[in-house]
Every structure is written in C-alpha cells, then in structure tokens.
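Engineer:
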Amino acid sequence: MAGSAPWVLSQVQVVAEAVATVAFALSGVIEGARKRLDAVGICVVAGLAAFGGGTVRDVVLDRRPLFWVEHAGWLWALLALCIGAMAFMRARHLEPTERAMQWPDALGLGLFTASGTQIALDSGMPAIVAVLLGMVTAVFGGVLRDVVCNEIPRAFHDHRPYAICAFTGGWVLVATQAAGLDGGLALTLTALLTTGLRAAALVRDWRLPAWQAGRPD
Amino acid sequence: MAGSAPWVLSQVQVVAEAVATVAFALSGVIEGARKRLDAVGICVVAGLAAFGGGTVRDVVLDRRPLFWVEHAGWLWALLALCIGAMAFMRARHLEPTERAMQWPDALGLGLFTASGTQIALDSGMPAIVAVLLGMVTAVFGGVLRDVVCNEIPRAFHDHRPYAICAFTGGWVLVATQAAGLDGGLALTLTALLTTGLRAAALVRDWRLPAWQAGRPD
Amino acid sequence: MAGSAPWVLSQVQVVAEAVATVAFALSGVIEGARKRLDAVGICVVAGLAAFGGGTVRDVVLDRRPLFWVEHAGWLWALLALCIGAMAFMRARHLEPTERAMQWPDALGLGLFTASGTQIALDSGMPAIVAVLLGMVTAVFGGVLRDVVCNEIPRAFHDHRPYAICAFTGGWVLVATQAAGLDGGLALTLTALLTTGLRAAALVRDWRLPAWQAGRPD
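Residue numbers (UniProt numbering), protein chains in the order written: chain A, 1 to 217; chain B, 1 to 217; chain C, 1 to 217.
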C-alpha cells in the first residue's frame, strides 16, 4: 500500500462496505419476499445476505470482534432498512424482480471482492487464499441467503459468470499491489473491474462453459 | 447482577440450559422422524437442534471450549435421549406431531433466550448484539435442523411470532439488569416472559404483519 | 503414541488426508454435475466436500490457520483436479453414477475418521468429543455438499451405515491408543476398519434399524 494515507484508505473501505452491504441486504429482502417469508424471516435473510460473507471470512481468519459486532450501529441500520423496504414495497405495490436487483448486486459484488481480498491480504494470507476469501466475502452472503430459502445457490447454478468475476477481480488486487500501486487506487480499480465484468456478462449474456453430462438431454 | 449469589445464578443457568436442550433435541428427533431419516440422521439432527444455536453464538463470541466440549457428558445424555425417544415412539406407535412439540419448544425458546443473552452480555457485547445473540441461541438450532432437513426454517416462514418473542425477551433482560434487578430474577423474568409471549401467540393465533407482494395471489 | 516416530506418523497423516481429500472432491464434482451446476459451482461444491468436514472440526477446536490456508497448494491442486475431472468426463461422455463413487468415498471415510479423531485427541479433547469430531471430519464435507445442492444429506437418509462406521472407527483409535499401540499402526488400523465396515455394509446391503412412524404407510 505504498503512498496511500491509511486514513483515506480506511474511509474508502468503510464507504465501500456500507454500499455493498445495503445492496446485498436488499437482495435478501427481495428473495425473502418472493418466498413469502414473514417479516422476521425477511430481516434474518437480509442479514445473512449482507453480513454472511464477511462473517464466514472472519471466522476463517479468526478475526474478532466480527465487524457487525464492533460496529453494532450497522445492525440498527439493517433493521431500519428492512422495515423501510418492506413498507415501501407494500405501499407501492411493487413486485420485486430478480432483474431489478442485478445492478445493485453487481455493485456489491465488486465492492465486497475488493474489501474482502484486502482484509485477507492484511492478515498475511497467501495470494490464492486471499483471492478465495475475497470471493467468499462477495458470494457467500448470497449462498447462505439461498440455502436458507431452500434453493440451490444462484451463484453456482445460473451459468452466468458471477463468482468468477470476483475471483478475477481478486487477482487484479493482488497484481496491482504487487506492482506497487497505491492502495486506494488498487481497491477502486478492483471494485470497478469486478463490477464491470459482471455488468458486461449480464448485458452481453455471457455463459460459463457449461459442464454437460454425456447423455443428451 | 447486583445482589445475586453467582453460584445460584450459575445453577439456574445450568438447569435452564438442560431443560431447553432436551426440548430442542426432542424437536429434532420428531422432525427427523417425520422426514424418515435413519437412526444416525435423527441423532445428528437432534444434536443440531439442541446445540446448534449455542454453538453459533460461541463461534461468534470466540468462546472456547464450546459448552458441549467442556461438558462432554451432555453428548452422552443426548445420545441416550435420542435412543430412548426412538424406542418409546416405536413401542407406543406414536406419530409425532408438530402440535405436540409446541409447548416444550416454547419453554426452550424462553430459557435459551435468557441464557444466551446473559452469556453475550457477560462477554461485554453491546445490547443490540447481546439481544441478537440471545435470539440466535434460541432460534438457530431450529434453523439448522430445518436447513439440514431441506425445509425453509419454520421460524422464518409460519407467520407466527417466534424469533420476535426471543428478540423482545432479550430486551427485557437488558432493561431489567440496567435497572439493577437481581441477576437470577432478571433471567427468570426474561424466560417466563418469552415463553409466555410465545404461548399467547399460539393460543390466540397471533399473526405477524405479513409482508405481501403487490399483485393479488 | 508410544514408540512411534513423529515424522513417520505425520507423513502417514499427510498422505491419508491427500487421498481422502481427492476422493471427497470427486464426490463433489459428480454431485455438482448431476445437479447441472455450472463450472464454478462444481468447483465450490467439490471444495466444500473435500475441506468442509475438516474446516468445521478446526472451527470447533479453534485451530488456526486452517489446513487449507496453511497448505495453500491444496487449493491449486483442488482447482486442477476439478478442471481435469470436468474435462475428462466431457471427453469420455461419462455419466457419473453414485455407484461408481462408493468405493473411493469409503476410502475417504476411513482416512478422514482416523486423521480427524487423532487431531482432536492431540488437542486434548475427551474421548467422546474426539470420536464425534472424527465423524464430523469424515461426514460433514458430504453434508455441506448435499445441503448446498438442496438435498437431505445422504449420510442421514439412506438407511445404510455410513456415519456410524466413522463413529465405530473413532472408538477403535481411542481404544488402541489407550492400549499403548503405536500411533501409526493405530491410525492405519482405524482407517482400514472404518473403510472395511463401510465396504461390508455396501456389499452385504446392511440396513440401519429404521425408526418407523406408528401409522402404516
């Protein structure tokens, strides 16, 4: 992180995590509503989607206190967000769609990849582990959301690049920091590139090379 | 915890945890039997229901050894309980019903809420985190049970107050202790109130304000 | 572990873990392919199957770094294995079958039981906890694999002895070590016996005494 003021970097990270957290929490609210969960279930699923990935990362790294324990205000913010979102959707008679959530979700993917990989690198992890934990930070909130909602996680199933964008983005962070780039710049670049990859995949309808079983079906 | 003898408090907590653990283990036995799991699966699901919530709480708090590691006798007790329950149900040709489990489950909810919130407060957590972890202690055993049994967790889905009783009860503990109430008394009050809320919700058929999608269906 | 050279023992353990890891990873690849996951999903499910059980054990024991963090080369090996297996299955038009995986899976069961129980004993756990954690090491990778693939875990559901072979094997390790047997020998015996039990169960079509509900159906 040569040349970066730690304070600025940490501010960038806090803002990035906040925006990403809101995006993922909303994805949880929408998924929960589509599954006809009750109000409590929607809040819990939103919390899993928002904080689940980072929590799994921190348990692997043995970092304590967890970030939502250290900054307990986020739990209040999450609660307010969920109640506001439920009230808004009821008042406006909005049917939440998967499609509407694609763009904030892509933003969250980029931001969580950047911050998650950075945190793992700061903990002294080797590059492959840091990249993997960045991917876990970005993807496992959604995985927990889908598992609790009794679905195969969409990230593993929809044959569009998702986790692989996070995986690619993590290596960008590792490479740019190894090249001596400023920390805040490397983070921004990583987030932009990851989000951009995901957006391009959505717009251009990229498909993962599907593994197919031998028999035709 | 002004004025409470620590020994009495700790005895109350041990008894409360034991009763709650048995109640939740039985809910796991019944759920497993309804899903036609084999004998091993029933024991594991009972163990998840009984120890899962407290284990998640302790992993978040980084408390070690886990309580079922420290008091390994509980594992033997769980095994004996499962074998006994399976033998009894087979001998009596009882078909376990969800309805029959509602009352011990309500008891377990109250007791785990009280002890879980207390443990989190003792670890120096802020109030919102302690209340949340009390809820996790009481609810996540059942969540893990239902996830492994491939169901959407009932706590999030049945539109009856369940987790929200634990949430309310946790705040009672925080408030009564802040008001200087005796520790054992505060715990008892919390457990009674949480169980009472749940029982009232069952008897009077309270419903959570359901979030509804805009389109009629 | 009287009379065993620690170096030999640790070599035996490393080789055992490697073989078991490959077997379980392949079970994940096959399960993922049967569920039509995309390439990324298959790799993640393979990783859960291979490393999930050991990770749960290490979180319970609070051992850090996790073994796949400490030996990050295994992550590369896993990635290579998954890509190779997917390419091979596509080229050969092989439809993966559950039956084909039974034998490597039985091998992995024995090896993970032995190494998992040993690690827990080395951490000073009481016998019942160590045996349970050996079973968790051997079985919970598959449980996580099945939960993410939205299935009731096969280990709890198929009425054939599986987890109970691991449970029995763990007690063999405890007993032979208490009897002063050489560490490497005890490990080998445990793995052989667990794998043998499972193989016998498959060949002879043993069934667990099923718990049956009272009503006929």
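Glycine included, each C-beta is placed from N, C-alpha and C at the ideal position.
Who are the Cβ neighbours of A/L197 in its own chain at under 8 Å, not counting the five residues just before and after it?
Structural biologist: P161, C165, T168 and G169.
Engineer: Name, please, each residue of chain C whose Cβ falls closer than 7 Å to the Cβ of A/P153.
Structural biologist: Those within 7 Å of A/P153 in chain C are V148.
Engineer: Measure how close the beta-carbons of C/V174 and C/L111 come, nearest whole angstrom, since I'm counting them as under 8 Å.
Structural biologist: Contact flag wrong, Cβ pair sits at about 17 Å.
Engineer: Determine the closest residue to B/G52 out of B/Q102, B/L75, B/R92 and B/L121, with distance taken between C-alpha atoms.
Structural biologist: B/L75
Engineer: Grouping DSSP H, G and I as helix and E and B as strand, with all else coil, what is C/S27?
Structural biologist: Helix.
Engineer: So, C/T176 versus C/L192, is the Cβ gap smaller than 8 Å?
Structural biologist: No, the pair does not count as a contact, with Cβ atoms beyond the cut-off.
Engineer: Find the residues of chain B that neighbour C/F112, judging by a C-beta separation of less than 9 Å, and give them in chain order.
Structural biologist: The premise fails here: C/F112 is roughly 16 Å from chain B at the closest Cβ pair, so nothing lies under 9 Å.
Engineer: Are there 16 or more other CB atoms within 10 angstroms of the CB of A/A25, so buried, or fewer, so exposed?
Structural biologist: Buried: at least 16 other Cβ atoms inside 10 Å.
Engineer: I need the boundaries of the alpha helix (DSSP H) containing C/I42, first residue and last residue.
Structural biologist: C/I42 -> alpha helix (DSSP H) spans A39 to L61.
Engineer: Less than 8 Å between the beta carbons of B/V69 and C/V139, yes or no?
Structural biologist: no
Engineer: Whose Cβ in chain E lies nearer than 7 Å to the Cβ of A/A72?
Structural biologist: Absent here is chain E; the protein component of the structure consists of chains A, B and C.
Engineer: Measure how close the beta-carbons of C/V45 and C/E31 come, nearest whole angstrom, since I'm counting them as under 8 Å.
Structural biologist: 6 Å
Engineer: Since B/L202 is in the alpha helix (DSSP H), which residue starts that stretch and which ends it?
Structural biologist: G183 to V203
Engineer: From this set, B/R99, B/L107 and B/F156, which residue's C-alpha is nearest A/G47's C-alpha?
Structural biologist: Looking from the CA of A/G47, the closest CA among B/R99, B/L107 and B/F156 belongs to B/F156.
Engineer: What would DSSP say about C/V15, mapped onto helix, strand or coil?
Structural biologist: helix
Engineer: Applying a beta-carbon distance threshold of less than 9 Å, which residues of chain B neighbour A/W76?
Structural biologist: Those within 9 Å of A/W76 in chain B are I128.
Engineer: Please name the residues in the UniProt domain "Glycine transporter" (15-89) of chain C whose beta-carbon is closer than 9 Å to at least one beta-carbon of chain B, in chain order.
Structural biologist: Those residues of the UniProt domain "Glycine transporter" (15-89) of chain C placed with their C-beta closer than 9 Å to a C-beta in chain B are V59, V60, L61 and D62, ordered along the chain.
Engineer: Once DSSP output is grouped into helix, strand and coil, what is the label at B/W74?
Structural biologist: helix
Engineer: Mind listing the chain B neighbours of C/L208? Cutoff is C-beta to C-beta under 8 Å, in chain order.
Structural biologist: D38, A39 and V40
Engineer: Kindly list, in the order they appear in chain C, the residues whose Cβ is closer than 7 Å to that of A/L132.
Structural biologist: L75
Engineer: Kindly indicate which three-state DSSP category C/A178 falls into: helix, strand or coil?
Structural biologist: helix
Engineer: Go ahead and pull the three-state DSSP assignment for B/D158.
Structural biologist: In the structure shown, B/D158 sits in coil (DSSP, three-state: anything other than H, G, I, E or B).
Engineer: Please confirm whether A/E164 has its beta-carbon closer than 8 Å to some beta-carbon of chain C.
Structural biologist: Reading the sequence as shown, one finds Ile at residue 164 of chain A and not Glu. So yes, A/I164 belongs to the interface.
Engineer: Report the three-state DSSP secondary structure of B/W206 (helix, strand or coil).
Structural biologist: It is coil, neither helix nor strand.
Engineer: Are the region 134-153 of chain A and the region 102-116 of chain A in contact at 8 Å, needing three or more beta carbon pairs?
Structural biologist: yes
Engineer: For C/P104, does the three-state DSSP call read helix, strand or coil?
Structural biologist: helix
Engineer: For a quick check, are the C-beta atoms of B/L181 and B/S123 less than 8 Å apart?
Structural biologist: no
Engineer: Between A/W206 and C/L79, what straight-line distance do the alpha-carbon atoms span, to the nearest angstrom?
Structural biologist: 22 Å
Engineer: Consult DSSP for B/S115 and reduce its assignment to one of helix, strand or coil.
Structural biologist: helix
Engineer: Select from B/I42, B/Q11, B/V29 and B/T21 the residue whose C-alpha is nearest the C-alpha of C/P153.
Structural biologist: For C/P153, the nearest C-alpha among the options comes from B/I42.
Engineer: Excluding the 5 residues preceding and the 5 following C/A199 in the sequence, name in chain order all residues of the same chain whose CB lies nearer than 6 Å to its CB.
Structural biologist: For C/A199, same chain residues with a beta-carbon under 6 Å away, outside a window of 5 residues either side, are A106 in chain order.
Engineer: At the level of alpha carbons, what is the spacing between B/A23 and A/V172?
Structural biologist: Rounded to whole angstroms, the gap between the alpha carbons of B/A23 and A/V172 is 51 Å.
Engineer: In this structure, how does DSSP classify C/R36 when only helix, strand and coil are distinguished?
Structural biologist: coil
Engineer: Can you find the residues in the same chain that come closer than 7 Å, C-beta to C-beta, to A/R92, ignoring five residues on each side of it along the sequence?
Structural biologist: Excluding sequence neighbours, A/R92 sits near nothing in its chain.
Engineer: Identify the continuous alpha helix (DSSP H) that holds C/G141 and give its terminal residues.
Structural biologist: A127 to V148
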